[in-house]
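Contents: one structure, followed by commentary.
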Amino acid sequence: MSRVVRRTAGVAIAAALYVTEANGAGVASVEVGTASAPGDAAVAIGAQAIASGNSSLAIGSQANAQNDGALAVGAGATAQGDSAVAVGLSSSAQGEGASAFGPYANAQAERATAVGLNASALGVDSVAAGSGSIAANSAASAFGSLSTATSVGSTALGYVAQAGGTNSLAAGAWASALADSSVALGSSTLVSGVGAIALGVAAQASGAYASAIGFGATAAGAGAIALGSNANASADNSVALGANASTTTDLSQSAFVHGGVGATPVAASSATGEVSLGSANNERRLTNVAAGAAPTDAVNVSQLSAVDNKVDALAQSSALHYLSAADPADGSNDALADGTHALAAGSNASAMGTDASAFGTSASASATDSTAIGAGAAAGTAGATSLGASASAYGSGATALGASATANGDGALALGYQSSALAANSVALGQGSIADRAGTVSVGSPGNERQITNVAAGTADTDAVNVAQLKAVSDQSSANAAKLDGAVMYDTNADGSINHNSITLGGDTTERTAIHNVADGVLASDAVNLGQLNAALEGAINNAAIGTAGALFSAEGDNATETAQASGAHAIAAGANARASGVNAVAEGANAQAGGTNAIAVGANAQANGASAASIGANAIANGNNATAVGAAANASADNSVALGQGSIADRANSVSVGSAGQERQITNVAAGVRGTDAVNVNQLQQSMTGAISAANRYTDDQIRSARRDSYAGTASAIAMAGLPQAVLPGHGMVAMAGGTYGGQSALAISVSQLSNTGKWIYKVQGSTDSRRQFGASIGAGMHW
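According to mature numbering (1 follows the signal peptide of the UniProt record, and there is no 0), the sequence shown holds residues -24 to -1, 1 to 761 in order.
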């Protein structure tokens, strides 16, 4: 059988050589065996191989290179697009510039790339790398065995990873990102919500725009965030922070609106979300509170103790009777205590509920266990507490502290001048703060957000993190901030400039920091010194008088059997069965108990048994040393703990709690953290994650480009080696050199061949090197007969 290369400049490889006229073969083409090369400069080697395109190459049984510049290498390989490349058994490259490498690899669109056994790249510019991987849409990328990317711009990285949403990203074994713009990072992560993010082993985010971060974290509500191992945010717009934290509060209940006598109706709506900061036995504490200066600032235990020492001068003798004060004898503005065990003190003060307490001009406590302290203060529902001029608490168990503070939601807490806690279980901290969503904690209002500073670095999975920890994760480095001692300096802004509106004082957390040589304050926002505070207290003391006619203070009860007892040195007890047994202790309200030194208990059944502990609100309990419980039924049992809000429980030392298991709250309006100990908000966290994802994408793109250049260089080497001539004269040898180029890469090939004297045997050794510094070689021998 002869082997023929047809037309001028043809080449034939066979036992007999000859050139014939055109019979279907292309110009300068090469055909070996039953192969066919109708394209110009085409090469076809192998049984029934076909090189139809100009400059095409088909090597292998039934290999088919149909378009210009196409390359098909391997039995059954098919390259049907211009410059398409198919390498491997039954591999297929169907689009212009498509590339398929590996047995049964399939690249079906323009510029698609499939690498690996059964890999399939079906969309334009798609990439599938790995055994059984599938990139089924435009710009889709699937890397890893059995990985799948089915939507436009989707990316799947890892074994059995699945990216099913447009522009979605799934990274990790069995990771699944099924919704548009979703991100799943970590083994077995699952994201089915639009724009949602899941980060961590087995994390799941099914709510739209939800985020689940941490091992087993679940974010099922729309806009929900679950941060921490096994954290669960199931309600819309809810946040679960910390390991095993969960959002389980019933948000369907409408906020309470009081309609009693003298109440001002307040519009209220159902809550749209909640924040959970922990779970049972995992509460937290707020410490390092500086002494307040402006009227709306929070006070610390030191300031409260100072006031307590001044009020001691008003203590009664050992006689068993309630407090009273002189007033015009006509009874026109007598206080009224009409409820069982109620206590009223002040002009026109009214205590109408059982165990209610009203102190101050026109103060009103109209419900069971309610407490109103301050001119115009009002507590209109069971267990409500209002403290401050014109403060109002109309939610069940609500607490309002501060002038004009409002707490209308059930279990709500408003702390600060004109602060408002309008939704159930909400907390508003600071002047003008607004908490209008159930189960949330607000430290500001829209346009008036505040930072949370001096946040210690978290250690447990459910602890809060500060800016220093976030930077450590983002930058993969640690930095120690320089400390300046011996001077008071302004804080700095994020850009390093001086913030003249903020000063943070250092010092031991138990001893605090004293400020000396403070001038007398003039404006309402000026700090006051001890002299001004003493003068104000002395004026109040000197203006108070105790008598029996026309009482400003009145109380209901049996003073023979329900006497208040102040047994501690300099202690004060006011209210039916009130007990102040600790040194400098204050117990105010029916059955209130203050047993610790410097302890304060305000409200019906309130208890403060720890040293320097303070409990404010009906049934509030502060048994830990230096503990603070604010709100109806709030409980601070551990040393230096703080429980804020109705039903809050703080049972870990040095922690702050804003709720309890099943009654967690959100902390809202948190400004972006600046210092290492500042709290961070969701925006900062998402920015850090976006940078990490961008870096991963850049690394992947670089690896793909490098692999493609390597394959192009290999193709250039094959072309160069195919162009090497060999010896054709018996008894003569030949040294040949040829070059090749493909896809911007180039190669050089050199060969040595020898034809035996009889012309029967031929030997050939050849090698190549390419622009990617790769080398190849082959050796062969043939016999004519």
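By construction, the Cβ of each residue, glycine as well, lies at the ideal position given by its N, Cα and C atoms.
### Query
How should S(-23) be labelled, buried or exposed, when 16 other C-beta atoms within 10 angstroms of its C-beta is the threshold for buried?
Numbered from its first residue, the sequence shown carries residue -23 at position 2. Residue confidence for S(-23) is low, a pLDDT of 34 falling below 50, so the modelled location carries little weight; the figure read from the coordinates is stated next. Around the beta carbon of S(-23), fewer than 16 other beta carbons sit within 10 angstroms, so the residue counts as exposed.
### Task
Verify whether the separation of the beta carbon atoms of A655 and N442 is less than 8 Å.
Counted from its first residue, the sequence shown places residue 655 at position 679. Counted from its first residue, the sequence shown places residue 442 at position 466. Their beta carbons are under 8 Å apart, which means A655 touches N442 by this criterion.
### Task
Express the C-alpha separation of M328 and A570 in angstroms, rounding to a whole number.
One-based indexing of the sequence shown puts residue 570 at position 594. One-based indexing of the sequence shown puts residue 328 at position 352. The alpha-carbon of A570 is positioned some 25 Å away from that of M328.
#### Entry: Beta-carbon separation (whole angstroms), A594 vs T604, contact threshold 8 Å
Here residue 594 refers to the residue found at position 618 of the sequence shown. Here residue 604 refers to the residue found at position 628 of the sequence shown. With 8 Å as the limit, A594 and T604 do not qualify as a contact, their Cβ atoms being about 16 Å apart.
### Residue range of the unbroken beta strand (DSSP E) whose run includes L724
Here residue 724 refers to the residue found at position 748 when the sequence shown is read from its first residue. Segment 721 to 731, the beta strand (DSSP E) holding L724.
### Query
What is the DSSP secondary structure of Y739, counted as helix, strand or coil?
The sequence position of residue 739 within the sequence shown is 763, counting from 1. Strand, per DSSP.
### Query
Are L154 and G141 closer than 8 Å when you measure CB to CB?
As a first step, residue 154 must be located in the sequence shown, where it is residue number 178. As a first step, residue 141 must be located in the sequence shown, where it is residue number 165. For L154 and G141, yes; Cβs fall inside 8 Å.
#### Entry: Helix, strand or coil at N477 [DSSP, three-state]
Here the question's residue 477 lines up with position 501 in the sequence shown. Residue state, collapsed to three classes: coil.
### Task
Report yes or no: do three or more beta-carbon pairs, one from the stretch 716 to 731 and one from the stretch 655 to 674, lie closer than 8 Å?
In short, these stretches do not touch, since the Cβ pair count stays below three.
### Query
Between which two residues does the alpha helix (DSSP H) harbouring Y185 extend?
Sequence index remark: in the sequence shown, residue 185 carries index 209 (1-based). No alpha helix (DSSP H) contains Y185, which DSSP labels as neither H nor E.
### Message
Under DSSP, the alpha helix (DSSP H) around G690 begins and ends at which residues?
### Response
Mapped onto the sequence shown, residue 690 falls at position 714. Run containing G690: 658 to 698, per the alpha helix (DSSP H) assignment.
### Element boundaries [beta strand (DSSP E), containing E7]
Position 31 of the sequence shown, counted from the start, is the residue given in the question as residue 7. Run containing E7: 6 to 8, per the beta strand (DSSP E) assignment.
### Query
Is G19 helix, strand or coil by DSSP?
Counting from one through the sequence shown, the residue named residue 19 turns up at place 43. The displayed chain sequence assigns Val, not Gly, to residue 19. Correct three-state label for V19: strand.
### Message
On the CB-based measure, 16 or more other CB atoms within 10 Å of its CB, does S294 come out buried or exposed?
### Response
For the purposes of this step, residue 294 is taken as residue 318 along the sequence shown, with counting starting at 1. Unreliable placement is indicated for S294, whose pLDDT of 41 sits below 50; the coordinate value is still reported in the next sentence. Classification of S294: exposed, given that the 10 Å Cβ count is below 16.
#### Entry: Rounded Cβ spacing between S478 and D471 (contact assumed at less than 8 Å)
Taking the first residue of the sequence shown as position 1, residue 478 is located at position 502. Taking the first residue of the sequence shown as position 1, residue 471 is located at position 495. At roughly 14 Å, the Cβ-Cβ gap does not stay under 8 Å, so S478 and D471 are not in contact.
### Message
Assuming contact is defined by CB atoms lying nearer than 8 Å, are M697 and S664 in contact in what I supplied?
### Response
Within the sequence shown, numbered from 1, the residue matching residue 697 stands at position 721. Within the sequence shown, numbered from 1, the residue matching residue 664 stands at position 688. Cβ atoms of M697 and S664: not closer than 8 Å.
### Message
Closer than 8 Å is the cut-off here; do at least three beta carbon pairs connect the stretch 627 to 634 with the stretch 113 to 124?
### Response
With the cut-off at 8 Å, the stretch 627 to 634 and the stretch 113 to 124 do not touch.
### Inter-residue CB distance, A351 and T337 (contact presumed, cutoff 8 Å)
The count along the sequence shown starts at 1 and reaches residue 351 at position 375. The count along the sequence shown starts at 1 and reaches residue 337 at position 361. A351 to T337, Cβ: 4 Å. Contact.
### Alpha-carbon to alpha-carbon, N384 and V504
Translated into the one-based positions of the sequence shown, residue 504 becomes position 528. Translated into the one-based positions of the sequence shown, residue 384 becomes position 408. Rounded to whole angstroms, V504 to N384 spans 32 Å at the Cα level.
### Query
Does the distance from the C-beta atom of residue 774 to that of G204 stay below 8 Å?
With the chain covering -24 to 761 only, the question about residue 774 has no answer from this structure.
### Query
Are the Cβ atoms of N430 and T653 separated by less than 8 Å?
The residue labelled residue 430 in the question sits at position 454 within the sequence shown. The residue labelled residue 653 in the question sits at position 677 within the sequence shown. In contact: N430 and T653 (Cβ atoms closer than 8 Å).
#### Entry: For A549 and A540, believed in contact at Cβ under 8 Å, the rounded distance
Counted from its first residue, the sequence shown places residue 540 at position 564. Counted from its first residue, the sequence shown places residue 549 at position 573. Contact flag correct, Cβ pair sits at about 4 Å.
### Query
A116: which of G129, D412, A325, G544 sits nearest, CA to CA?
Taking the sequence shown and counting its residues from 1, one reaches residue 116 at position 140. Nearest C-alpha to A116: G129.
### 8 Å contact criterion, which A51 and Q38 should meet: CB distance rounded
Working through the sequence shown from its first residue, we reach residue 51 at position 75. Working through the sequence shown from its first residue, we reach residue 38 at position 62. Contact flag correct, Cβ pair sits at about 6 Å.
### Task
Look up N442 in the DSSP assignment and say whether it is helix, strand or coil.
Along the sequence shown, one-based indexing puts residue 442 at 466. N442 falls in the strand class under three-state DSSP.
### Query
Along the chain, where does the beta strand (DSSP E) that runs through M759 open and close?
Along the sequence shown, one-based indexing puts residue 759 at 783. Element bounds for M759: 751 to 759.
### Query
Quick one: what does DSSP say S278 is sitting in, helix, strand or coil?
One-based indexing of the sequence shown puts residue 278 at position 302. Helix.
### Query
Nearest-angstrom Cα distance between A608 and S409?
In the sequence shown, counting from the first residue as 1, residue 608 sits at position 632. In the sequence shown, counting from the first residue as 1, residue 409 sits at position 433. Near 20 Å, if we compare the C-alpha coordinates of S409 and A608.
### Message
Here's the rule I'm using: 16 or more other beta-carbon atoms within 10 Å means buried, otherwise exposed. How should T435 be labelled?
### Response
Locating residue 435 in the sequence shown gives position 459, where the first residue counts as 1. Residue burial is scored here from C-beta neighbours: T435 has fewer than 16 other C-beta atoms within 10 angstroms and is therefore classed as exposed.
### Task
Starting from T89, trace the beta strand (DSSP E) both ways and give me its first and last residue.
For this step, residue 89 is matched to residue 113 along the sequence shown. Start and end: 89 to 91.
### Task
Identify which residue in R87, V91, L620, S747 has its Cα closest to the Cα of Y80.
Numbered from 1 along the sequence shown, position 104 holds the residue referred to as residue 80. Taking only the C-alpha atoms, the option nearest Y80 is V91.
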